[in-house]
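Enquirer: Read top to bottom, the protein sequences are chains A and B. At position 11 of the first sequence the residue is numbered 36 (our numbering), and the sequence of numbers has no breaks. At position 44 of the second sequence the residue is numbered 106 (our numbering), and the sequence of numbers has no breaks.
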Amino acid sequence: GSSHLPRSPHVFPQHRLGVREPRDMQREIREVLGLPGRPRSRAPLATAQQPASAPLFMLNLYHAMTDDSGNGPPQPHLHRADLIMSFVNIVEHDRTLGYQEPHWKEFHFDLTQIPAGEAVTAAEFRIYKEPSTHPPNTTLHISMFEVVQERSNRESDLFFLDLQTLRSGDEGWLVLDITAASDRWLLNHNKDLGLRLYVETEDGHSLDPGLAGLLGQTAPRSRQPFMVGFFKASQSPVRAPR
Amino acid sequence: TARPLKKKKLNQVNQLPNSNKHLGIFDDGHGSLDREVCRRHELYVSFRDLGWLDSVIAPQGYSAYYCAGECIYPLNSCMNSTNHATMQALVHLMKPDIVPKVCCVPTKLSAISLLYYDRNNNVILRRERNMVVQACGCH
């Protein structure tokens, strides 16, 4: 049923697509599909040092993203994001036992890898909590702040992000919402993101985060703290202030 | 005497067995004058073959389709049918009486998700919507 159309053979140069080596064609298809160029070899980290908590969490997200059946556990923030990045903390400060109160734990993240033009739809800081017996069976308030400006001669400028209340005997991943800090980190791309964590008991006493059961970089690989950013490509990467 | 032979040869070309029932409106354009008909190929892009598995966590690879053969308006050899179709659709809009409507329009695209390590051992999950050609207008 094809009709003979007039053909203008000299409108375009006549090239043969031809048949290529699969590897060449794979590279060609990868480039056309916009997949990243050949990933550079990663900074060598001995496997024993490599945190596994973030990859395990991200693998769950990957399965949820590729699972069309919809039977998996709901993953908040996932459906709106095109890019999800997890970061492991590069520095961890402790002002705990032996210092005057308040005690705190501070984590710093290098966010320079975030591609330009990405809008943050959500961001979380995840830290694992083991059951704690001091003090036993009490209510703990865990608050998270962004370190806006560090000062050598006095207390740093802090910006409140989130507060969670739990019991000292609780165990599992504690998720703190740090989305409110995203505007600043997108504007100060080259500055590390500093997050500080405080623990207080019901009667307002400061508690060492380690004693409260919160694990840091010295935890087993599958329980080390990390942060996750959910992004969507947008022209105005900075969220409108609420 | 030579001339009759040539004419016979052309006929022979038009009688080529049509290996692809679903050729588009380029039916004769695809197969004229000893040219290989444009056919769909399936290509499995294997991250293992590319030596990427030290940084790609998932998937191991993905299936994609592409056209290969003689298309009447191949713009250059770096394009697969998707880009080819998009470009030709634009040119057809500009010169509808010269450039025929495109047939190699992707009719089905699907997303691909890639989980991989960046250089700082951060883990990245990227979803590329409408990226993998599952079917195109040629076939």
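Note that beta-carbon positions come from the ideal geometry of N, C-alpha and C, so glycine has one too. Just so you know, these numbers come straight off a predicted model, no measurement behind them.
What are the partner residues of Glu196 of chain A, as DSSP defines its beta bridges?
Expert: According to DSSP, which records beta bridges pairwise, Glu196 of chain A is partnered with nothing at all.
Enquirer: Nearest-angstrom Cα distance between Ser247 of chain A and Ser78 of chain A?
Expert: About 4 Å.
Enquirer: Can you tell me whether DSSP reads Thr226 of chain A as helix, strand or coil?
Expert: strand
Enquirer: Between the beta-carbon of Phe256 of chain A and the beta-carbon of Leu136 of chain A, is there less than 8 Å?
Expert: no
Enquirer: Taking the alpha helix (DSSP H) that Thr146 of chain A falls in, what are its first and last residues?
Expert: Unbroken run through Thr146 of chain A is the beta strand (DSSP E), 143-154; no alpha helix (DSSP H).
Enquirer: Identify, in the order they occur along the chain, each residue of the same chain with its Cβ nearer than 6 Å to the Cβ of Ser168 of chain A, setting aside the five sequence neighbours on each side.
Expert: Leu188, Tyr223
Enquirer: If the criterion is Cβ atoms closer than 8 Å, does the pair Ile258 of chain A and Gly142 of chain A meet it?
Expert: Residue identity check: residue 258 of chain A is Ala in the sequence provided, not Ile. Yes, Cβ-Cβ distance for Ala258 of chain A and Gly142 of chain A is below 8 Å.
Enquirer: For the region 79-104 of chain A, list every residue whose C-beta sits within 7 Å of some C-beta in chain B, in sequence order.
Expert: So the close ones are Ala79, Pro80, Met83, Leu84, Leu86, Tyr87, Met90, Thr91.
Enquirer: Could you pull out every residue in the same chain whose Cβ sits closer than 7 Å to the Cβ of Val116 of chain A, ignoring the five residues on either side in sequence?
Expert: So the list reads His133, once near-sequence residues are dropped.
Enquirer: Inspect the beta-carbon positions of Pro80 of chain A and Ile119 of chain B and report whether they are closer than 8 Å.
Expert: yes
Enquirer: Is there a C-beta anywhere in chain A that falls below 8 Å from the one on Leu187 of chain B?
Expert: yes
Enquirer: Roughly how many angstroms lie between the CA atoms of Leu218 of chain A and Trp210 of chain A, to the nearest whole one?
Expert: 7 Å
Enquirer: Rounded to the nearest angstrom, what separates Thr146 of chain A and Ala106 of chain A at their Cα positions?
Expert: Going from the Cα of Thr146 of chain A to the Cα of Ala106 of chain A covers about 7 Å.
Enquirer: Taking 8 Å as the cut-off, does the region 157-168 of chain A touch the region 234-245 of chain A (at least 3 CB pairs, one atom from each stretch)?
Expert: yes
Enquirer: List the residues of chain A whose Cβ lies closer than 8 Å to the Cβ of Ser175 of chain B, in chain order.
Expert: Per Cβ cutoff of 8 Å: Tyr87, Met90, Thr91.
Enquirer: Please state the DSSP three-state secondary structure of His88 of chain A.
Expert: helix
Enquirer: Could you name the residues that DSSP lists as bridge partners for Ser218 of chain B?
Expert: With chain B represented from 63 up to 201, any question about residue 218 of chain B goes unanswered, as that position is not in the structure.
Enquirer: Per DSSP, Asp268 of chain A is paired with what?
Expert: Shown here, chain A extends from 26 to 267; a query on residue 268 of chain A therefore has no answer.
Enquirer: Count the other CB atoms, across all protein chains shown, that sit within 10 Å of the CB of Phe82 of chain A; report buried if there are 16 or more and exposed otherwise.
Expert: buried
Enquirer: Using a threshold of 8 Å, state whether the C-beta atoms of Thr91 of chain A and Ser172 of chain B are closer than that.
Expert: no
Enquirer: Quick one: what's got a C-beta closer than 6 Å to Ser193 of chain A's C-beta in the same chain, skipping five residues either side?
Expert: Ser157, Thr163, Leu165
Enquirer: For chain B, is any of its Cβ atoms less than 8 Å away from the one on Asp135 of chain A?
Expert: yes
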